[in-house]
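Residue numbers (my numbering): 2 to 159.
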Ligand code: ADP
């Protein structure tokens, strides 16, 4: 059973994340989207809201499961029996940080490999931060997130 984890904050999930989920789900038996409970990062959406949004948006992909996790990614992966990490790469600016993360995770557990998917050209500029910034000014975010999520994002700024 090839089980992978796609970890992230997903605050909120964007078309860029959903594209990585769809593509990586085809490469493994089960893809677990691991939503990080990060007390250091001040998130706009609660953990539960972030998990629910991804669940709704991925309900038609049978081998995708969405869960939250706390603590070290490698520990979570041992718990659920996963040894592949999926990450998305948008630009060279992502590379240095991602390289370091992948190496640290591999040092902690040699069985763990990180697989990078290159962002779809359409979404290479897209980040949760950009979505939040535009939404905070009441701008159009319909090209960045699914229609079902738009009002929930705007509601955070009203
Ligand atoms: P983190 O806080 O861990 O960076 P994010 O939710 O911002 O979490 O991102 C999770 C993963 O999704 C990261 O690997 C990131 O590079 C990737 N990602 C984010 N936006 C995009 C995008 N537009 N296209 C492809 N991958 C993306």
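The C-beta atom is built at its ideal place from N, Cα and C for all residues, glycine as well.
Every unbroken alpha helix (DSSP H) inside the segment 91-156 [4 residues or more]: Counting only runs of 4 or more, we get 93-109, 129-137, 148-156.
C-alpha distance - residue 131 paired with residue 79, whole-angstrom precision: If I take the Cα positions, the gap works out to 33 Å.
Closest by C-alpha distance to residue 122, when choosing among 89, 115, 107: For residue 122, the nearest C-alpha among the options comes from 89.
Residue 95 CB to nearest heavy atom of the ligand ADP below 6 Å: With a cut-off of 6 Å, the C-beta of residue 95 is classified as near the ligand ADP, since at least one heavy atom of the ligand falls inside that distance.
Beta-carbon proximity check, residue 59 vs residue 127, cutoff 7 Å: The answer is no: Cβ separation not under 7 Å.
Where residue 3 falls: helix, strand or coil (DSSP): It is coil, neither helix nor strand.
Same chain only: Cβ atoms within 7 Å of residue 133, ignoring 5 sequence neighbours per side: The answer, listed in chain order, is 45.
Check: residue 10 C-beta below 6 Å from any heavy atom of the ligand ADP: At least one heavy atom of the ligand ADP is found less than 6 Å from the C-beta of residue 10.
Reduced DSSP category for residue 11 - H, G, I as helix; E, B as strand; rest coil: Of the three classes helix, strand and coil, the one that applies to residue 11 here is coil, per DSSP.
At least 3 beta-carbon pairs within less than 8 Å: the segment 24-36 vs the segment 60-67: For the pair of segments examined, the segment 24-36 was found to touch the segment 60-67: the number of CB pairs separated by less than 8 Å reaches three.
Heavy atom of the ligand ADP within 6 Å of residue 124 beta-carbon: Under cutoff, so the answer is yes.
heavy atom of the ligand ADP below 6 Å from residue 82 C-beta: It does not: the Cβ of residue 82 is nowhere closer than 6 Å to a heavy atom of the ligand ADP.
Distance, residue 3 Cα to residue 76 Cα: Straight-line Cα distance between these residues: approximately 17 Å.
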